[in-house]
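In this note's numbering, the protein residues as written are 210 to 535.
We put the beta carbon where it would ideally sit given N, CA and C, even for glycine.
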Ligand code: BGC
């Protein structure tokens with residue numbers, strides 16, 4: 210399957226480079242993310258690198274924290290501008306259905322990135338397989354806790370599909386370890402860092418016997434780390450989380466974060482532009498028929514990497530290949 214996708218992308222890049230025409234109207238593409246965070250800077254970099262290669266214009270927007278109203282407002286603005294393609298990461302997949310349907314009806318191709326909205330009629334999803342990634346996090350947690358302990362889950366959203374799928378995958382993996390207890394309810398910070406730290410601190414106070422945190426979003430691992438450090442519980446309270454910003458990598462080096470699931474979000478931005486630029490140049494149908502379908506849907510899984518102290522150096526080399534420096 211991966212070969213099929215790589216072959217398709219190779220064809221897409223060829224089409225793009227043959228279609229450059231000095232007199233053609235410039236193509237403009239919008240990429241919408243979920244919150245201000247270094248995680249999204251990498252998506253933006255992927256978007257900008259592809260835009261340079263394919264000679265198209267791009268716009269990027271993220272709200273300060275989880276803010277579905279701002280996301281919809283931005284989508285409406287881009288539609289009003291007559292943009293040529295939209296890649297969006299919805300904080301609430303239900304809430305964007307009508308605006309995405311409207312864009313598609315007006316002939317603006319829409320694809321989702323990072324987190325999906327399958328009912329919106331979007332053409333495809335580019336991003337992590339979040340259920341599987343959550344399971345991988347759960348399996349790593351079970352290993353670290355040697356099958357026994359108490360775990361709190363912290364996330365930035367209870368509506369976004371990526372968060373819900375990661376939590377489901379994590380819980381399913383841990384259901385195979387009956388001596389691991391999950392603290393309910395899941396702690397939600399709505400992608401607000403200071404709230405994330407407060408919640409982690411409160412979880413430690415309310416559960417003096419807590420053994421670990423699962424950080425679902427990029428905010429959560431470092432926020433839990435702050436709380437664990439100030440409670441003097443490094444090494445006693447473990448952390449398994451998502452993403453690989455500089456802060457995550459330093460905390461792994463320090464031994465505060467045990468393992469993190471690195472997403473390849475550079476490609477969420479890069480491939481969004483490759484697909485949408487080609488749709489604008491050769492037509493949506495001609496482009497979609499090149500993409501592999503599974504059960505009628507087009508999903509481009511960008512993959513994940515489990516990063517720990519033992520493979521940190523090699524992982525940084527991978528980041529460097531995307532031009533992401535540490
Ligand atoms: C998620 C994004 C989220 C980001 C920052 C990532 O793990 O994939 O949806 O916006 O963390 O919280």
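Contact under 8 Å by Cβ, residue i with residue j
i	j	result
residue 422	residue 446	yes
residue 488	residue 294	yes
residue 475	residue 533	yes
residue 405	residue 379	no
residue 296	residue 240	yes
residue 496	residue 255	no
residue 284	residue 507	no
residue 479	residue 325	no
residue 260	residue 491	no
residue 362	residue 376	yes
residue 237	residue 268	yes
residue 462	residue 436	no
Neighbourhood of residue i by C-beta, 6 Å cutoff - its chain only, sequence neighbours within 5 removed
i	result
residue 438	none
residue 273	245
residue 517	468
residue 493	318
Length of the line joining the Cα atoms of residue i and residue j
i	j	result
residue 345	residue 512	12 Å
residue 522	residue 531	15 Å
residue 301	residue 281	10 Å
residue 440	residue 433	11 Å
residue 417	residue 382	24 Å
residue 395	residue 419	14 Å
residue 319	residue 388	44 Å
residue 458	residue 401	21 Å
residue 502	residue 337	17 Å
residue 504	residue 334	14 Å
residue 358	residue 392	10 Å
residue 316	residue 264	21 Å
residue 528	residue 247	14 Å
residue 414	residue 253	38 Å
residue 526	residue 311	42 Å
residue 212	residue 279	Annotation note: pLDDT 47 at residue 212 (below 50); position unreliable, coordinate value reported separately. Distance between the alpha carbons of residue 212 and residue 279: 38 Å.
residue 374	residue 275	17 Å
residue 465	residue 309	41 Å
For residue i, the three-state DSSP class (helix, strand or coil)
i	result
residue 273	coil
residue 301	coil
residue 194	Residue 194 falls outside the range modelled here, since the chain spans only 210 to 535, and no answer is possible.
residue 248	helix
residue 361	strand
residue 186	The displayed coordinates of the chain run from 210 to 535. Any statement about residue 186 would go beyond what the structure contains.
residue 348	helix
residue 499	coil
residue 393	strand
residue 212	For residue 212, the predicted model reports a pLDDT of 47, less than 50, meaning its position is unreliable; a value from the coordinates is still stated below. Residue 212 falls in the helix class under three-state DSSP.
residue 288	helix
residue 338	coil
residue 508	strand
residue 425	coil
residue 321	strand
residue 295	strand
residue 386	coil
residue 281	helix
residue 406	helix
residue 489	helix
residue 480	helix
Cutoff 7 Å; reference residue i; Cβ partners in own chain excluding five residues on either side
i	result
residue 271	242, 243, 244, 245 and 249
residue 515	345, 349, 468 and 470
residue 519	none
residue 288	311, 312, 315 and 317
residue 408	363, 396 and 398
Option in the options with minimal Cα separation from residue i
i	options	result
residue 323	509, 517 and 526	509
residue 303	265, 317 and 369	369
residue 314	299, 529, 291 and 347	291
residue 456	386, 431, 394 and 357	431
residue 365	399, 343, 359 and 381	399
residue 355	459, 268, 390 and 263	390
residue 299	289, 317 and 328	328
residue 277	361, 367, 461 and 316	367
residue 472	484, 236, 450 and 485	450
residue 234	498, 535, 525 and 486	486
residue 371	342, 347 and 411	342
residue 339	463, 498, 452 and 414	452
residue 524	305, 403 and 454	454
residue 412	535, 374 and 360	360
residue 321	484, 535 and 498	484
Contact with chain B by residue i, beta-carbon distance below 8 Å
i	result
residue 317	Structure shown: chain B not included; a single protein chain is present.
Close Cβ partners of residue i (< 8 Å) along its chain, the five nearest in sequence each way excluded
i	result
residue 351	382, 383, 385, 386 and 389
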